[in-house]
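If you're matching positions, the first sequence starts at 40 in my numbering and goes up one per residue. The C-beta atom is built at its ideal place from N, Cα and C for all residues, glycine as well. Working notes, beginning with the structure itself.
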Amino acid sequence: MTKSSIYYGIFNSDDYGPILLGLCEEKIAFLGLTDAPREMRSHYKTNPFIHNIEKTRPFFEALFKEKPLKTDFFFTGTKFQHDVWKALEGIPRGETRSYSDVARAIGRPRAVRAVGTAIGHNPISLLIPCHRVLYSNGAIGNYRWGSALKKKLLDYEKRPISTVVQ
DNA sequence: ATAAAGGCCACCC
DNA sequence: GGGTGGCCTTTAT
């Protein structure tokens, strides 16, 4: 059985720089703040990558609408990672949690460090809001695309009205 | 099978 | 403030 292709496009967001968006079977399979398709390799080891702006553009544009569709995700990953990522979806815009909050939320209060690692492997940045998870001491913490970008995202989310990702 | 490496945290100075 | 040991999953030997 052959693997489904990943159709990808690289776009530019005014505020956050390049955004790489990957589709698999018409669902969002990857979203990252990068212009490097190889960033998708660890998630989709053997799928063919096909550059296709036309296919991916509507999904990119939807990101900046009022209600971007949050449901159509194509997921890889282990059960543990799914549990973690699913917990992240429940963190509303403008709020934050600590890594240990998330660990508690999935019923694994002591797996804090593993939670951090799993969050770092979140394949769908922004829509699965991994940037809303901070150190328990309030520090910004790390981010796959750089702590500076994480901080920027959070600063934007403090605005009452915004056109950024919901 | 085993080891090493993580987007952590509570605890100790 | 800065180390350090423990915790748990994933990935690489």
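Less than 8 Å separates the beta-carbon of residue 165 from that of residue 70. For residue 193, the secondary structure class from DSSP, reduced to helix, strand or coil, is helix.
Distance from the CA atom of residue 63 to the CA atom of residue 114, rounded to whole angstroms, is 9 Å. When the Cα atoms are used, residue 162 and residue 82 turn out to be separated by approximately 7 Å. Contact check for residue 136 against residue 171 passes: the beta carbons are separated by less than 8 Å. In terms of Cβ geometry, residue 139 and residue 86 do not form a close pair [threshold 8 Å].
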